[in-house]
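Residue numbers (our numbering): 43 to 214.
Yeah, the Cβ is synthetic: ideal placement off N, Cα and C, and Gly gets one too.
Because the structure is a prediction, the values reported are computed rather than measured.
Working notes for the structure below.
What follows is the structure in structure tokens.
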């Protein structure tokens, strides 16, 4: 009887209409662009993974999903996290902004911290980025793209909290 329940559970999981989709909320206010439009080959060629980017109009980066912070870069310009569903994300504020050595960035979270969708992760000053000669284009990367694919991404203007992307767990 126990083996039958396990077997039926596996069959139900395999053929269930319930999809393994993960929804991401917009971490920024701005305009969504494809990674191919990012002026840095590490992102545009998807070397770190698939994703999308946002040209921000705001000054804060928010959590796109419930997660645990893995890394807050010493320079404050990037944050990585693992979502409760297993998606590993990197949010990288600006292009080559690591060269600002933290100027204009204020991290609001620490490694190991639990976060909820919408929590502020970091604040940044777009004027410092611009005055430094850098772009504030912010890539959002799925670091484990071998496990999760991007099923859909919004385009155009977005506000913090808008549904921006849907990820699908790949079948193994």
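(request) Let me know if residue 136 comes out buried or exposed under the rule of 16 or more other beta-carbons within 10 Å of its beta-carbon. (result) Counting the other CB atoms within 10 Å of its CB gives residue 136 a total of 16 or more, which places it among the buried residues.
Are residue 203 and residue 73 close, meaning C-beta to C-beta below 8 Å? Cβ atoms of residue 203 and residue 73: not closer than 8 Å.
Coil, strand or helix - residue 13 by DSSP
This structure cannot speak to residue 13, because the chain is shown only from 43 to 214.
ask   = Given residue 153, which residues of its chain have a CB within under 8 Å of its CB, disregarding the five upstream and five downstream residues?
value = 111, 112, 113 and 114.
- Which of the three DSSP states, helix, strand or coil, is assigned to residue 133? Residue 133: strand per DSSP, three-state reduction.
Exercise. Taking C-beta to C-beta, are residue 190 and residue 205 nearer than 8 Å?
Worked result: Their beta carbons are not under 8 Å apart, which means residue 190 does not touch residue 205 by this criterion.
task = State the beta-bridge partners of residue 200 as determined by DSSP.
result = The secondary-structure analysis by DSSP pairs residue 200 across a beta bridge with 72.
Cα-Cα, which of 178, 169, 160 and 143 is closest to residue 201? Here the closest residue by C-alpha is 160.
Leaving out five residues before and five after residue 178 in sequence, what residues of the same chain have Cβ atoms less than 6 Å from its Cβ? Contacts found: 98, 136, 168 and 171.
Check your understanding: So what does DSSP say about residue 173, is it helix, strand or coil?
Key -> Of the three classes helix, strand and coil, the one that applies to residue 173 here is helix, per DSSP.
- Query: By DSSP, does residue 110 sit in helix, in strand, or in coil?
  - Reply: Residue 110: strand per DSSP, three-state reduction.
inquiry  = Using the Cβ count rule (16 or more neighbours within 10 Å means buried), how would you classify residue 176?
reply    = By the 10 Å Cβ count, residue 176 comes out buried.
I need the DSSP call for residue 115, collapsed to helix, strand or coil. Of the three classes helix, strand and coil, the one that applies to residue 115 here is coil, per DSSP.
field: Span of the beta strand (DSSP E) around residue 194
entry: Residue 194: member of the beta strand (DSSP E) spanning 190 to 195, first to last residue.
Exercise. Who pairs with residue 67 in a beta bridge, going by DSSP?
Worked result: Beta-bridge pairing links residue 67 to 205.
Please look up how many angstroms separate the CB atoms of residue 86 and residue 77, rounded, as I've assumed it's under 8 Å.
So it is a contact: roughly 6 Å between Cβ atoms.
Assuming contact is defined by CB atoms lying nearer than 8 Å, are residue 144 and residue 118 in contact in what I supplied? It is a contact, given that the beta carbons lie within the stated cut-off.
Practice problem: Have a look at residue 127 and residue 64 and give me their C-alpha separation to the nearest angstrom. | Solution: Whole-angstrom Cα-Cα distance: 8 Å.
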